[in-house]
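As structure tokens, the structure follows; a few thoughts come after it.
Numbering (this note's numbering), first residue to last: 191 to 351.
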């Protein structure tokens with residue numbers, strides 16, 4: 191009887207494991223939606239015409255932050271050359287929560303990592319799982335430009351009167 195119970199428990203766990211992984215990705219998609227990741231990281235979104243073929247694949251329009259420069263939201267898809275394809279889930283979680291990339295560079299202040307630092311462990315992991323589940327899109331966002339550099343692509347600026 192005990193062996194039957196153990197075998198039944200193992201089978202049940204094996205059958206529900208894929209559902210839990212799917213649930214985690216689904217939760218991550220929900221979080222990416224309510225956190226509006228696509229509002230900045232999707233080509234054309236900042237111009238009011240998001241390109242569904244480049245969803246979360248980086249923006250061609252940046253943000254000017256006075257005194258710091260112009261920052262272009264990068265590709266969040268798992269493309270190995272232009273996106274997060276070489277990042278681990280833990281590195282994605284760390285960047286979202288702390289604003290520090292695997293190479294040590296701090297993300298632009300326009301990225302609300304200060305608020306996203308409050309994500310629960312489960313939600314941060316779900317977001318990373320979702321980003322890693324996306325179809326890789328090969329698309330490099332323009333390089334950031336320092337405060338004294340000439341930008342290579344359009345950008346949004348706040349001009350004080």
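Here a beta-carbon is modelled for each residue, glycine too, at the ideal position from N, C-alpha and C.
Since this is a predicted model, take the numbers as computed values, not measurements.
Measuring straight from C-alpha to C-alpha, what distance separates residue 265 and residue 351?
Cα to Cα, the separation comes out at about 33 Å.
With residue 337 and residue 258 assumed to form a contact (beta carbons below 8 Å), what rounded beta-carbon distance in angstroms separates them?
About 6 Å; that satisfies the 8 Å criterion.
So, does the region 231-250 touch the region 297-306, judging by three or more C-beta pairs under 8 Å?
Judged by Cβ distances under 8 Å, the region 231-250 makes no contact with the region 297-306, as fewer than three pairs qualify.
By DSSP, does residue 206 sit in helix, in strand, or in coil?
With a pLDDT of 46 at residue 206, under the threshold of 50, the predicted position of this residue should be treated as unreliable, though the coordinate-derived value follows. In the structure shown, residue 206 sits in a helix (DSSP, three-state: H, G or I).
Is there contact between the region 317-337 and the region 281-292, where contact requires at least three CB pairs shorter than 8 Å?
Segments in contact, yes.
Using the Cα positions of residue 292 and residue 267, report the straight-line distance between them to the nearest angstrom.
For residue 292 and residue 267, the distance between alpha carbons rounds to 16 Å.
Starting from the C-beta of residue 339, find all residues in its chain whose C-beta is less than 7 Å away, skip the five residues before and the five after it, and write them out in chain order.
Taken in chain order, the residues that qualify are 259.
Does the separation of the CB atoms of residue 278 and residue 307 fall below 9 Å?
Result no, Cβ atoms of residue 278 and residue 307 do not sit closer than 9 Å.
Using the rule of at least 16 other Cβ atoms within 10 Å of the residue's Cβ for burial, across every protein chain shown, is residue 296 buried or exposed?
By the neighbour-count rule (16 or more Cβ atoms within 10 Å), residue 296 is not buried but exposed.
Taking the alpha-carbon of residue 262 as reference, which of 234, 212, 239, 217 has the nearest alpha-carbon?
Residue 262 has its Cα closest to that of 234, out of 234, 212, 239, 217.
Where residue 275 and residue 254 are concerned, what is the direct C-alpha to C-alpha distance, given to the nearest angstrom?
Approximately 27 Å between the Cα atoms of the pair.
Check for me: the alpha helix (DSSP H) holding residue 229 runs from which residue to which?
From DSSP, the alpha helix (DSSP H) with residue 229 extends over 227-231.
Should residue 332 be labelled buried (16 or more other beta-carbon atoms within 10 Å of its own) or exposed?
Residue 332 is buried by the Cβ-count criterion.
Return yes when the C-beta of residue 323 is under 8 Å from any heavy atom of the ligand MG, and no when it is not.
Among the components of this structure there are no ligands whatsoever, and the ligand MG is therefore not found.
Cβ of residue 330 within 9 Å of Cβ of residue 272?
Closer than 9 Å, so yes.
Roughly how many angstroms lie between the CA atoms of residue 324 and residue 349, to the nearest whole one?
Those two C-alpha atoms are separated by around 36 Å.
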